[in-house]
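Residues 137 to 236, numbered by our numbering, are exactly what the sequence shown covers, in order.
For glycine and all other residues, C-beta sits at the position ideal for the given N, C-alpha and C.
Scroll down for the structure; my scribbles are underneath it.
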Amino acid sequence: MGTKHVVVRKFLGRRLDLINEYAHFEPNAEITFTGASGPSRFEVTYRTEETAEGTRLSCHMRMEQKGLFALGDRVVAEGLRRDFAANLRNLKALLETRAE
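Below is the structure:
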């Protein structure tokens, strides 16, 4: 663990350059990465599990904001929920299209 990668994304209308570090990896089951960018620290875990219908992918994110940025926690949390939901819908569509 300890491998880092850079993520460039747009969130709430702003470009973000994030450096993430892999903290845990279990093949075909779970991956966790952490990051600290500016006033934010976060940890994201993706898990897969087999179900009767196929594979379920879940995501859990924990984030801490510091200083004045902590005042906008609710706005950031709602933006992240929308963003993650849209990204997971897009991933599902891509995977199902390739499976056909």
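Reduced DSSP category for T233 - H, G, I as helix; E, B as strand; rest coil: Here residue 233 refers to the residue found at position 97 when the sequence shown is read from its first residue. Note: T233 maps to helix in three-state DSSP.
Unbroken beta strand (DSSP E) run spanning T187, endpoints: Indexing the sequence shown from 1 puts residue 187 at position 51. Where T187 is concerned, the enclosing beta strand (DSSP E) stretches over 176–187.
Looking at the unbroken beta strand (DSSP E) that takes in A159, where does it start and where does it end? Along the sequence shown, one-based indexing puts residue 159 at 23. Unbroken beta strand (DSSP E) run through A159: 150–162.
Of the residues V143, E200, L231, which one's Cα is nearest the Cα of G190? Residue mapping note: residue 190 aligns to position 54 of the sequence shown, counting from 1. Among V143, E200, L231, the Cα nearest to that of G190 is on L231.
Output yes if chain D places a C-beta closer than 7 Å to the C-beta of R210; else output no. Considering every chain present, this structure includes no chain D. It has just one protein chain.
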